[in-house]
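What follows is a single structure, written as C-alpha cells, with notes after it.
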Amino acid sequence: MAEPSKVIHVRNVGHEISENDLLQLFQPFGVITKLVMLRAKNQALLQMQDIPSAVNALQFYANVQPSIRGRNVYVQFSSHQELTTMDQNQAREDESAVGNSLDAQPNRILLVTVHHMLYPITADVLHQVFSPHGFVEKIVTFQKSAGFQALIQYQSRQSAVTARSTLQGRNIYDGCCQLDIQFSNLDELQVNYNNDRSRDFTNPNLPTEQKGRSSQPGYGDAAGMYSGARAGGFSQMANAAAIAAAFGGGLPPGITGTNERCTVLVANLNPDRIDEDKLFNLFSIYGNIVRIKLLRNKPDHALIQMGDGFQAELAVHFLKGAMLFGKRLEVNYSKHANITQGADTHEYVNSNLNRFNRNAAKNYRYCCSPTKMVHLSTLPQDITEEEVVSLLEEHGTIVNSKVFEMNGKKQALVQFETEEQATEALVCKHASPLSGSVVRISFSQLQNI
33 MAEPSKVIHV
43 RNVGHEISEN
53 DLLQLFQPFG
63 VITKLVMLRA
73 KNQALLQMQD
83 IPSAVNALQF
93 YANVQPSIRG
103 RNVYVQFSSH
113 QELTTMDQNQ
123 AREDESAVGN
133 SLDAQPNRIL
143 LVTVHHMLYP
153 ITADVLHQVF
163 SPHGFVEKIV
173 TFQKSAGFQA
183 LIQYQSRQSA
193 VTARSTLQGR
203 NIYDGCCQLD
213 IQFSNLDELQ
223 VNYNNDRSRD
233 FTNPNLPTEQ
243 KGRSSQPGYG
253 DAAGMYSGAR
263 AGGFSQMANA
273 AAIAAAFGGG
283 LPPGITGTNE
293 RCTVLVANLN
303 PDRIDEDKLF
313 NLFSIYGNIV
323 RIKLLRNKPD
333 HALIQMGDGF
343 QAELAVHFLK
353 GAMLFGKRLE
363 VNYSKHANIT
373 QGADTHEYVN
383 SNLNRFNRNA
393 AKNYRYCCSP
403 TKMVHLSTLP
413 QDITEEEVVS
423 LLEEHGTIVN
433 SKVFEMNGKK
443 QALVQFETEE
453 QATEALVCKH
463 ASPLSGSVVR
473 ISFSQLQNI
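The sequence shown begins at 33 in the numbering used here and counts up by one.
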C-alpha cells in the first residue's frame, strides 16, 4: 500500500456512478474537501480533511468490498499528498485528452440518464428541473439499455453548461431518480409531437400523437396530469418530496408509486344521494382534485381527475369497496386520460379546499381506508362537544366523542358505530360552515377515544 495520504484514488468508477455516490461512500469517515472525477479513465480522486480519516476509510474497505450500483470499486492511497488546483486542472486536462472520454465537448444539448427511477418522469417533469438554468427549447425522452434517458436542448450552450454543473448527480425526488448528465454531440433535436415523452417549447402547435395511433397506456393520463398541475400549481417535484417525507422512503403496503393514470372511475354510486361536492370531500383526502364529472347516461358513475398518478393510486387503493349511502363503491383507473372541461364538469383545480396545497407530507401520512372515527379541525374556539355531536348525529349512531385543544386550536374526535356512517358524515359535513369557521373532517386511525 502506498504511503498514507489525505487523497484517496478510486478505480473502476463506471459512468453510472456519480459524485454523490462517491461522497456517500466516504462521508462516514470524515469531511471530504475535494473530489475530482476522471471520467475518461473510470477513476476518481477524493481528498479527506485529514490523513486519519483517509486511513480509517481504507482500513474499513480493506475488509469490506466497496460497491456502488452493483459495481465493485477499488480504493488506495493516491501518490498525491494533497490535491492542488494545478492537480485538479491537470486531471481534467488528462481526462479531456483521452479519446474514449464519455463526454462530448460542451454543447447546448444534454444527454440525461435517470438512475433509480421509482417515479415516472415525463418531459414536463424534466422541464421543471432544467428550466431554472436557462430557456429549454426541446425535450425528447426514450428508453435504452442504460435505462430512461432524455435529450434536453437549451437555447444557449452556457445554460447547458450551468445546468450540468449544478444538477449532475442530484436526485429529482428524495432518494431516487438520480441525474447522470453528459453533453450530447447532436446539433439539433427533432421533435414531432408535444406529449409527455417529447415537447418542443418553441412550437406549442405540434400534435400530441400521430394521426390514427392510439396513445400508449398511461401516457395520455400523465399528460393530463401535468396540464392540471400547471393550472393548479401542483408541483410534481414538491409532491414527491412530500411523499418521501411522509413515508420515510417506503410506501404504504399495496402502493407501488408507479401509476401514471390520474383519472379515476367510480361506479355503483347512489345517484339519489351523491353530487360532485360530496365526491370532492371524499376523494380530496387522498390528493388534490382537478375536476369531477357525473356521467348523465350512467347516473351511478363518475369520473374524478386527481392531481397526479400517485394521488389517484391512493384513492383507488383506499376507497375500493368502501360503503357509502348503502352502496359498495367500485373505484378503478379510467381509460380516459383526463376530463375535458365542459358545462357538465365541476372545476376544483383552484379550490382552496384542496388539502394538499399545504402540509402535503402530513396529509399523506393520514391517508387510510374509511374508519369509524373522524377527526374534526379548524373548529371555532368556543365549540362544545354537544355542538359537534349535533353537527354529525344525523349521519349515524355516535358511540363516543371528545373535544380537545392542540397547539392552541380546538379539534374533535367522533366515533361512529360503522365505517359507512363515518364516511357519510365526512362526505356531507366536510367544509361546512360553523360559527364563522369552515370545518375540516378526516378519517382518524385511532381505534378508540
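Even for Gly, the Cβ is constructed at its ideal location relative to N, Cα and C.
The structure presented is a predicted model; accordingly, all values stated were derived computationally and were not measured.
If you scan the region 155–207 from start to end, which runs of the beta strand (DSSP E) of 3 or more residues do you find wholly inside it?
Correct list: 168–176, 179–186 and 203–205.
For residue 240, count neighbouring C-beta atoms within 10 Å of its own C-beta (all shown protein chains included) and say buried if the count is 16 or more, exposed if not.
By 1-based counting over the sequence shown, the position of residue 240 is 208. Counting Cβ neighbours within 10 Å, residue 240 comes out exposed, since fewer than 16 surround it.
Whole angstroms are fine: how far does the CA of residue 99 sit from the CA of residue 93?
As a working mapping, residue 93 is identified with position 61 in the sequence shown. As a working mapping, residue 99 is identified with position 67 in the sequence shown. Spanning the two alpha carbons is a distance of roughly 10 Å.
Across the region 142–154 and the region 76–89, are there enough close Cβ pairs to call them in contact, namely three or more that are closer than 8 Å?
At 8 Å Cβ cutoff, the stretches do not touch.
Is residue 338 closer than 9 Å to residue 294 when the C-beta atoms are compared?
Locating residue 294 in the sequence shown gives position 262, counting from the first residue. Locating residue 338 in the sequence shown gives position 306, counting from the first residue. The Cβ atoms of residue 294 and residue 338 lie closer than 9 Å to each other.
Where do the ends of the alpha helix (DSSP H) carrying residue 422 lie?
Looking up residue 422 in the sequence shown gives position 390. 417–424 is the span of the alpha helix (DSSP H), which, as asked, contains residue 422.
Extent of the continuous beta strand (DSSP E) run through residue 450:
Here the question's residue 450 lines up with position 418 in the sequence shown. Following the DSSP letters along the chain, one finds residue 450 in no beta strand (DSSP E), marked with neither H nor E.
Short of 8 Å in beta carbon distance, which residues of its chain neighbour residue 416, apart from the five on each side in sequence? Order them along the chain.
Here residue 416 is taken as the residue at index 384 of the sequence shown, counted from 1. Cβ neighbours of residue 416 beyond the five flanking positions: 435.
Distance between residue 329 and residue 187 (C-alpha atoms, nearest Å):
As a first step, residue 187 must be located in the sequence shown, where it is residue number 155. As a first step, residue 329 must be located in the sequence shown, where it is residue number 297. The alpha-carbon atoms of residue 187 and residue 329 are separated by roughly 49 Å.
Which term fits residue 483, buried or exposed, when burial requires 16 or more other beta carbons within 10 angstroms of its beta carbon?
Only positions 33 to 481 of the chain appear in the structure, and residue 483 is not among them; the question remains open.
For residue 462, count the other beta carbons within 10 Å of its own beta carbon; 16 or more makes it buried, fewer makes it exposed. Which is it?
Position 430 of the sequence shown holds residue 462. Residue environment: residue 462 is assigned as buried (16 or more neighbouring CB atoms within 10 Å of its CB, all protein chains considered).
Would you mind giving the Cβ-Cβ distance between residue 420 and residue 409, rounded to the nearest angstrom? I have them listed as a contact below 8 Å.
The residue given as residue 420 occupies position 388 in the sequence shown. The residue given as residue 409 occupies position 377 in the sequence shown. Incorrect: roughly 12 Å between the Cβ atoms, too far for contact.
Should residue 475 go down as buried or exposed, given a rule of 16 or more other Cβ atoms within 10 Å for buried?
In the sequence shown, residue 475 corresponds to position 443, counting from 1. Result: buried.
Residues that residue 285 bridges to, as DSSP identifies them
Translated into the one-based positions of the sequence shown, residue 285 becomes position 253. Residue 285 has no beta-bridge partner at all, per DSSP.
Using CA coordinates, which residue listed in 357, 390 and 445 is at the minimum distance from residue 459?
Numbered from 1 along the sequence shown, position 427 holds the residue referred to as residue 459. Residue 357 holds the alpha-carbon nearest to the alpha-carbon of residue 459 among 357, 390 and 445.
Using the Cα positions of residue 165 and residue 195, report the straight-line distance between them to the nearest angstrom.
Within the sequence shown, residue 165 is the residue found at index 133, counting from 1. Within the sequence shown, residue 195 is the residue found at index 163, counting from 1. Whole-angstrom Cα-Cα distance: 5 Å.
Assign residue 212 to one of three DSSP states: helix, strand, or coil.
The count along the sequence shown starts at 1 and reaches residue 212 at position 180. Strand.
Applying the 10 Å Cβ sphere with the 16-neighbour rule, what's the burial state of residue 438?
The residue labelled residue 438 in the question sits at position 406 within the sequence shown. Per the 10 Å Cβ criterion, exposed.
Let me make sure I understand the geometry here. Which of 313, 345 and 147 has the alpha-carbon closest to that of residue 284?
By 1-based counting over the sequence shown, the position of residue 284 is 252. For residue 284, the nearest C-alpha among the options comes from 345.
Rounded to a whole number of angstroms, what is the C-alpha to C-alpha distance between residue 348 and residue 44?
Start at 1 with the first residue of the sequence shown, and residue 348 comes out as number 316. Start at 1 with the first residue of the sequence shown, and residue 44 comes out as number 12. The straight-line gap from Cα to Cα measures roughly 45 Å.
N-terminal and C-terminal residue of the beta strand (DSSP E) that residue 406 is part of
Counting from 1 along the sequence shown, the entry for residue 406 is found at position 374. For residue 406, the enclosing beta strand (DSSP E) has its first and last residue at 405–409.
Rounded C-alpha distance that separates residue 298 from residue 217:
By 1-based counting over the sequence shown, the position of residue 298 is 266. By 1-based counting over the sequence shown, the position of residue 217 is 185. Cα atoms of residue 298 and residue 217: separation of roughly 49 Å, rounded to the nearest angstrom.
Does the separation of the CB atoms of residue 286 and residue 150 fall below 9 Å?
The residue labelled residue 286 in the question sits at position 254 within the sequence shown. The residue labelled residue 150 in the question sits at position 118 within the sequence shown. Cβ atoms of residue 286 and residue 150: not closer than 9 Å.
Those runs of the alpha helix (DSSP H) which lie wholly inside the region 310–351 and span at least 4 residues
You should have 341–351.
Suppose the cutoff is 7 Å on Cβ atoms and the five residues either side in sequence are ignored; what does the same chain contact list for residue 464 look like?
Here residue 464 refers to the residue found at position 432 when the sequence shown is read from its first residue. For residue 464, same chain residues with a beta-carbon under 7 Å away, outside a window of 5 residues either side, are 471 in chain order.
Alpha-carbon to alpha-carbon, residue 375 and residue 352:
If you number the sequence shown from 1, residue 352 lands on position 320. If you number the sequence shown from 1, residue 375 lands on position 343. Near 28 Å, if we compare the C-alpha coordinates of residue 375 and residue 352.
Going straight from the alpha carbon of residue 101 to that of residue 457, what length do you get?
In the sequence shown, counting from the first residue as 1, residue 101 sits at position 69. In the sequence shown, counting from the first residue as 1, residue 457 sits at position 425. Between the C-alpha atoms of residue 101 and residue 457 there is a straight-line separation of about 50 Å.
Which partner residues does residue 76 have in the DSSP bridge list?
Working through the sequence shown from its first residue, we reach residue 76 at position 44. Beta-bridge pairing links residue 76 to 42 and 69.
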